[in-house]
Amino acid sequence: MKLTLHVWRQRSSQDSGRMVRYELADVNPDMSFLEMLDVLNEQLLSKGEEPVAFDHDCREGICGSCGFVINGVAHGPQRGTTVCQLHMRHYHDGDELYLEPWRAAAFPVVKDLVVDRGALDRIIAAGGFISVQTGAAPDGNAIPVPKGNADMAMDAAQCIGCGACVAACPNASASLFTAAKVSHLNLLPQGQPEKADRVLKMVVQANEELFGSCTNIGECTSVCPKGIPLEMIARMNRDYLSAALVRR
Amino acid sequence: MQLNSRIPSGPIEQRWDKCRFEMKLVNPANKRKFSVIVVGTGLAGGAAAATLAELGYNVKCFCFQDSPRRAHSIAAQGGINAAKNYQNDGDSIYRLFYDTVKGGDFRARESNVYRLAQVSVNIIDQCVAQGVPFAREYGGVLANRSFGGAQVSRTFYARGQTGQQLLLGAYQALERQIGAGRVAMFPRTEMLDLIVVDGRARGIITRDLMTGKIETHLADAVVLGTGGYGNVFFLSTNAKGSNCTAIWRAYKRGALFANPCFTQIHPTCIPVSGDYQSKLTLMSESLRNDGRIWVPVKKGDTRSPEQIPESERDYYLERRYPSFGNLVPRDVASRAAKGVCDEGRGVGGTGLGVYLDFSDSIRRLGEGAIRERYGNLFEMYERITGEDPYKVPMRIFPAIHYTMGGLWVDYHLMSTIPGLFVIGEANFSDHGANRLGASALMQGLADGYFVLPYTIGDYLANAKLHKVGGDHPACREADASVRERLKGFLSIGGKRSADSFHRELGKIVWDECGMARNADGLGKALEAIPALREEFWSNLAVPGTGEELNQQLEKAGRVADYFELAELMCLDALTREESCGGHFREEHQTPEGEAMRDDDKFCHAAAWEYKGDGAKPERHIEHLEFEYVKPSQRSYK
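Those sequence lines, one after another, are chains A and B. For what it's worth, the working numbering labels the leading residue of the first sequence as 538, then goes sequentially. For what it's worth, the working numbering labels the leading residue of the second sequence as 2, then goes sequentially.
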C-alpha cells in the first residue's frame, strides 16, 4: 500500500520544528509501524537526507522507549498497544498519517519524535520505592500478601513509563503514571511504613516538574498500552488526602 | 598468560563463605573515598549500582537508554529460579547447582554455579522486600511453577513480565540512591572506550548521545553490566540498542573474551515475515507445556494446517524424544526445527517455521483454561501476525536469544584487567554452553546484589591506587582514539546505511555460525566477514554531525564492533572441535544426530586475547574441574 506521512521534524530543542511530508510506496501490511519508519529512513538516507529520529528499543511493547502521536492519538489507533507493536495491516492504501512527538512542558523535544522524559524518573526518585537495603530482607514468605492485593499491585506495576498518559492529557498531567507507582507500593504490606511519605513526595515532585493536575477526563487510561485503570488515580488521591490531613 | 580463576579451596558448599571471610573489608568511613563506575542498568548493573551506593561508595552509573528502567532485562518473560523448596518437592541448593552444571553441558565453572544456587534464595527475599509483585497463592504465600522441563517447581514469576518487575525493583532501589545524591546517573550516555592506567581499569570515555559531547570519567574501579552480544546476528530477540561495544572495547584494551561461540537459540519465536524485519519476538517457552509441535510428513505440502489429516503430520519431537517430547531443552528443540525445515518440510510463506498447535489442549481443557494460562501471549502473537492462535496453529522458528560467552572473569567477577569487573550476561561464567530457562534473571541479580558488592571491596582495600587526572597520557590517548573513530565514520561519505551492513553481516553469522556449524562454513564466514567489513569502512553513509543526537552514528559504531566480534566467534567455533550445548559442530555428532562432547580435548573455557588489529588473537584455556557433577552424555530420549 501507499501512504502519505507528515512527520514532525525538529533539529533540536532550540529549533522551532515543522511538519514535513513524505510519500511511501510498497508498505507491507505485515510490517510494524516502526519497521515502516525504518524503510522511510533507508529511503531518506539513500537520498542523502537525514533520517527521522525516534526512540525505540525492545520493539516488544515492554521497555517503554517508543511512542509518538499518530493522527492525534498517542501510540495510534489500536488499544493497549505501543507503536512498536502496531502493525500496518490496520491501515489502508492512500491513508494520510500525521506523526508528532509527545507534547508537554515537562517533556522537551530533543529531536524530531524524541522527547526527554527524565521528569518521570525524578518522580520515582522522590519516593517511588521501598527503602530496603540489599541484605536486609526477611524470608520471602514471612509476610503473606492476599492474592487480591498482589494481583491489583501487579495491575498497577505493569506501567512501562512511556509517557503516553501525559501526551494524551489536555492538562499534560502525569497522574496516571504517578498513581500507578503509588498504588503498586501502597497496596502491599511492604509499602505501608512509607505510605504517607511516598504519596506526598511523589505528588509534590510531579507538580514541580510542571505536569498539570488531573481533572478526571480519562484520556490517559484510554491510550495506556497496559490499560492501567483510572481508579489508580482515585486511590492515589485518597492516600494523598489522608496523608495530608495527618501531616498538617 | 596464566589464567588464575581464584577459586577458593575446600568443600564446595563452604567456598563462598570462606572467600568472604578472607576478603579484606573497606572501613565504612573510607568507602566514601572510593568511586566506582557502573556501565549498564539492567538487572546486574542496576542492582550493583544501587547496592554499592547503599554501602557508601560514590557511584557513577551510565546507560544508553533515556532511562535506567529500559534496559533489556525488562523483556524477560518467564521467571526466576531459586532453590527455596517452598513446594516441598525435593529442591535444594545442591539440586539447582546440579541441574545448572548439567544443563550447561559441563562447560561452566562448578564453584561459580554453586554460589549462584546459594544466593538464589536471598534474591527472592530481597525482591519481595522491594515490593516486586510475584504471583501468590490464595493463602498469600509465593506461587511457583515448573519451567523449561525442570522436574521441580522452583520458578518465581510475575505473570509474563517477571523481568520487568525485577528490573523495576532494582531501578527503584537505584532511583532511591540517585535521589539521595549517592549515585550520579548518566542516561543517554554510551561508553566508547576503557581507560587503563598502569595495567588497571581507571575510567571510561563516554559520548553524550543528546549533545555528542565526549567526556572522560575516572574512578577506582569499573563495572560492566552491559549485557550480551546476540545482536551480532542482526535478527535476534534482543532490544535494538543492545550492543557489544563496552565489552568489545574492554577486550581491545586487554580483557580476555571467553567462549564467544556459545550462543543460545530459543526455539519458540515468531518467524521472520519479510526482508524489512527488524527484530524477532520471543514467545515464552511455557507454551511448549500445552502446545504440540509438528510439520507435514510430505515435503512442500502447502495445504493449510486444518486440511492436513493427523496421519500426515509429523510430531517430530514426540517421535524422536518420547520421554521428554515437546519439552526437550532449548538447543535440542531448535536444532530439530532447523532439521525439518532443511528437509523442505517447514511451514509458512518462507518455509522457515513449524507449527505449535494448541487444538488438542483446547479440546481437552477448554479454550478458557488455555486463555487463562497464555492469554497475553496469544494476544501478542495475534497482534504481530494477524492470526488467531485459538483457531490456527501458531508458527514458530528458533531465534538467537542469549549469549553464554562474554568477558572472562575469575571467581571475584574480575576480568584479566585488574579493577575491571564484569557482571550478568556480559561475563561468561555461570551457564557453560547452554543456559537453562529462568536462570538469566537469577545470575544478573546474584552478581549485582550479592557477589560484586563484596568482591569489589576486597579489590579496593588491596589496590593502593594513585590519583589519576584527566590529563594522564592514557586518558588523552583513549579520548583521542574515540574522537578519531567517530570522525572516521562521519567522513567515509559512502552510500550504504549501517543497518544494511548489519543485516548482511547477521545473515553470514546466522548461516555459518548459527544453529549448526561446520569447518567448511566457518572457513567461508572467516573470508566473507573481512571482505564485507572492508566495504563497510569504504562505503558507509552516516549523515549529520557528531555534535547532536545522531542515531546513525551510534549504529555505525556498534556495527563496526560487531564485525570484529563476528570474526572472533567464528574462529572460536572453528577451534572448538566438539559439540556442546548451543555449539553444534556437524562433524561431531552421534549416529542419532545428537551433540557429542569431547571432554578429553575441550573440557575448558577458551579465552581469547587481543593481539592487535589484523593479528590472530591468542587462545588461552582455563581447564574446568568437575569434582561434584561427573560429566555425562545428556539424554532426552
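Here a beta-carbon is modelled for each residue, glycine too, at the ideal position from N, C-alpha and C. Since this is a predicted model, take the numbers as computed values, not measurements.
Neighbourhood of residue i by C-beta, 7 angstroms cutoff - its chain only, sequence neighbours within 5 removed
i: residue 716 (chain A); result: 769, 770, 772, 773
i: residue 727 (chain A); result: 667, 680
i: residue 166 (chain B); result: 133, 134, 159
Cα-Cα separation, residue i to residue j
i: residue 469 (chain B); j: residue 503 (chain B); result: 38 angstroms
i: residue 566 (chain B); j: residue 515 (chain B); result: 14 angstroms
i: residue 781 (chain A); j: residue 719 (chain A); result: 15 angstroms
i: residue 480 (chain B); j: residue 191 (chain B); result: 14 angstroms
i: residue 659 (chain B); j: residue 210 (chain B); result: Residue 659 (chain B) is absent from the model: chain B starts at 2 and stops at 638.
i: residue 658 (chain A); j: residue 75 (chain B); result: 16 angstroms
i: residue 567 (chain A); j: residue 383 (chain B); result: 11 angstroms
i: residue 743 (chain A); j: residue 71 (chain B); result: 20 angstroms
i: residue 582 (chain A); j: residue 665 (chain A); result: 42 angstroms
i: residue 255 (chain B); j: residue 610 (chain B); result: 7 angstroms
i: residue 639 (chain B); j: residue 222 (chain B); result: As shown, chain B starts at 2 and ends at 638. That puts residue 639 (chain B) outside it, with no answer to give.
i: residue 229 (chain B); j: residue 170 (chain B); result: 21 angstroms
i: residue 153 (chain B); j: residue 6 (chain B); result: 32 angstroms
i: residue 355 (chain B); j: residue 285 (chain B); result: 16 angstroms
i: residue 298 (chain B); j: residue 633 (chain B); result: 34 angstroms
i: residue 548 (chain B); j: residue 15 (chain B); result: 53 angstroms
Helix, strand or coil at residue i [DSSP, three-state]
i: residue 545 (chain A); result: strand
i: residue 562 (chain A); result: coil
i: residue 685 (chain A); result: helix
i: residue 565 (chain B); result: helix
i: residue 30 (chain B); result: helix
i: residue 609 (chain B); result: strand
i: residue 594 (chain A); result: coil
i: residue 612 (chain A); result: coil
i: residue 206 (chain B); result: strand
i: residue 94 (chain B); result: helix
i: residue 521 (chain B); result: helix
i: residue 569 (chain A); result: strand
i: residue 82 (chain B); result: strand
i: residue 234 (chain B); result: helix
i: residue 560 (chain B); result: helix
i: residue 576 (chain B); result: helix
i: residue 443 (chain B); result: helix
Own chain residues within Cβ distance below 6 angstroms of residue i, not counting five before or after
i: residue 639 (chain A); result: 652, 700, 704
i: residue 41 (chain B); result: 226, 227
i: residue 183 (chain B); result: 54
i: residue 589 (chain B); result: 579, 580, 597
i: residue 698 (chain A); result: 601, 657
i: residue 747 (chain A); result: 642, 643
i: residue 410 (chain B); result: 416, 423, 428, 430
Heavy atom of the ligand GDP within 7 angstroms of residue i beta-carbon
i: residue 606 (chain A); result: Within the structure as shown, the ligand GDP is missing, as the structure has no ligands at all.
Other residues of its chain near residue i: CB distance less than 8 angstroms, five sequence neighbours each side excluded
i: residue 576 (chain B); result: 607, 620
i: residue 591 (chain A); result: 571, 574, 603, 605, 649, 650, 651
i: residue 533 (chain B); result: 502, 505, 506, 509, 564
query: If contact means a Cβ-Cβ distance below 7 angstroms, which residues of the region 676–695 of chain A contact chain B?
result: 676, 677, 678, 681, 682, 683, 684, 687, 690, 691, 694, 695
query: the region 729–755 of chain A: which residues have C-beta closer than 8 angstroms to a C-beta of chain B, in chain order?
result: none
query: Which runs of the beta strand (DSSP E) fall wholly inside the region 621–650 of chain A and span at least 3 residues, in chain order?
result: 633–637, 646–648
message: Any C-beta of chain A within less than 9 angstroms: which residues of the region 223–253 of chain B qualify?
response: 238, 239, 240, 241, 242, 243
- request: Give, in chain order, every unbroken run of the alpha helix (DSSP H) that is at least 4 residues long and sits entirely within the region 336–410 of chain B.
  value: 360–366, 368–386
field: Within the region 650–737 of chain A, ranges of the alpha helix (DSSP H) (whole runs, at least 4 residues)
entry: 655–664, 684–694, 701–705, 712–723
task: Output, in sequence order along the chain, the residues in the region 583–611 of chain A whose CB is closer than 8 angstroms to any CB in chain B.
output: 583, 585, 586, 587, 588, 590, 592, 593, 594, 595, 596, 597, 598, 599, 600, 601, 602
query: Listed from N- to C-terminal order along the chain, which residues in the region 279–294 of chain B have their beta-carbon within a distance smaller than 7 angstroms of any beta-carbon of chain A?
result: 279, 280, 282
query: What residue ranges within the region 141–203 of chain B form continuous alpha helix (DSSP H) runs of no fewer than 4 residues, ordered along the chain?
result: 163–180
message: Taking beta-carbon pairs under 8 angstroms, can you tell me which members of the region 547–558 of chain A lie near chain B?
response: 548, 549
- request: Scan the region 520–549 of chain B for residues whose Cβ lies nearer than 8 angstroms to a Cβ of chain A and list them as they occur along the chain.
  value: 542, 544, 545, 549
- request: Output, in sequence order along the chain, the residues in the region 259–273 of chain B whose CB is closer than 7 angstroms to any CB in chain A.
  value: none
field: Whole beta strand (DSSP E) elements within the region 6–80 of chain B, 3-residue minimum
entry: 36–40, 59–63
- request: Below 7 angstroms between beta carbons is the criterion; list the residues of the region 60–81 of chain B that meet it against any residue of chain A, in chain order.
  value: 66, 67, 68, 70, 71, 73, 75, 76
query: Unbroken alpha helix (DSSP H) runs of length 4 or more, entirely within the region 98–137 of chain B: which are they?
result: 111–131
field: Positions along the region 568–583 of chain A whose CB lies within less than 9 angstroms of some CB in chain B
entry: 568, 569, 571, 572, 573, 575, 576, 578, 579, 581, 582, 583
- request: For the region 445–528 of chain B, list the alpha helix (DSSP H) runs that are entirely contained and at least 4 residues long, ordered along the chain.
  value: 453–464, 474–492, 499–514
field: beta strand (DSSP E) runs wholly inside the region 276–320 of chain B, at least 3 long, in chain order
entry: 293–297
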